[in-house]
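Enquirer: First the structure, then my questions, so here it is.
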Amino acid sequence: MRTNGQLVDRAVDGFNRRVVALRSSRRWGAAVRRHLTIVTYTGRRSGRTFTIPVGYRHTGGTVEIGVRMPGKKNWWRNFTGEGGPLSVELDGTTRTGHAIARQSAKGGVTVTVQLKP
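Mapped onto numbering that gives the first Met the number 0, the consecutive letters of the sequence shown carry residue numbers 0 to 116.
Written out as structure tokens, the structure reads:
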């Protein structure tokens, strides 16, 4: 028997797969890629590799990812403290960088990625 948490996880996984596929669409891909990118990282505790779509802003050698509803998400916690490595797809190229998550006094979370040259 599945719990509500398992059902939600399956729904989120399905949604993420569809968003990733939509980025490759000939019709919608360019518009979607302007606002959404793909981030790949390794979980600190699990050691598993995860790939998720995220909204982002890219300026020079920095990518900022605003985490919506951070209390309901866990992925960004892999980048608290000293942060950690991740890869991000930009303009069809996979770039690597170091990400650090910071939580504001109001509870908002921003993950800042310094891209490697």
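C-beta atoms are modelled at their ideal positions from N, C-alpha and C, and glycine is treated no differently.
#1: I'd like the span of the beta strand (DSSP E) that includes His57, first residue to last.
#2: Whole-angstrom Cβ separation of Val18 and Pro52, contact assumed at under 8 Å?
#3: Just tell me which of Arg76, Glu81, Arg22 has its CA closest to the CA of Gly54.
#4: Can you tell me whether Ser103 is buried or exposed? The criterion is at least 16 other CB atoms within 10 Å of its CB, across all chains shown.
#5: By a C-beta neighbour count over all protein chains shown, 10 Å radius and 16 as the cutoff for buried, is Ser45 buried or exposed?
#6: Tell me, please, which residues DSSP counts as bridged to Phe78.
#7: Can you check which of these residues, Lys72, Ala98, Asp90, is closest to Gly107 by C-alpha distance?
#8: What residue does the beta strand (DSSP E) around Ser86 start on, and which one ends it?
Expert: On the basis of the supplied data:
#1: 56 to 58
#2: 4 Å
#3: Arg22
#4: exposed
#5: exposed
#6: DSSP lists no partner for Phe78.
#7: Lys72
#8: 83 to 89
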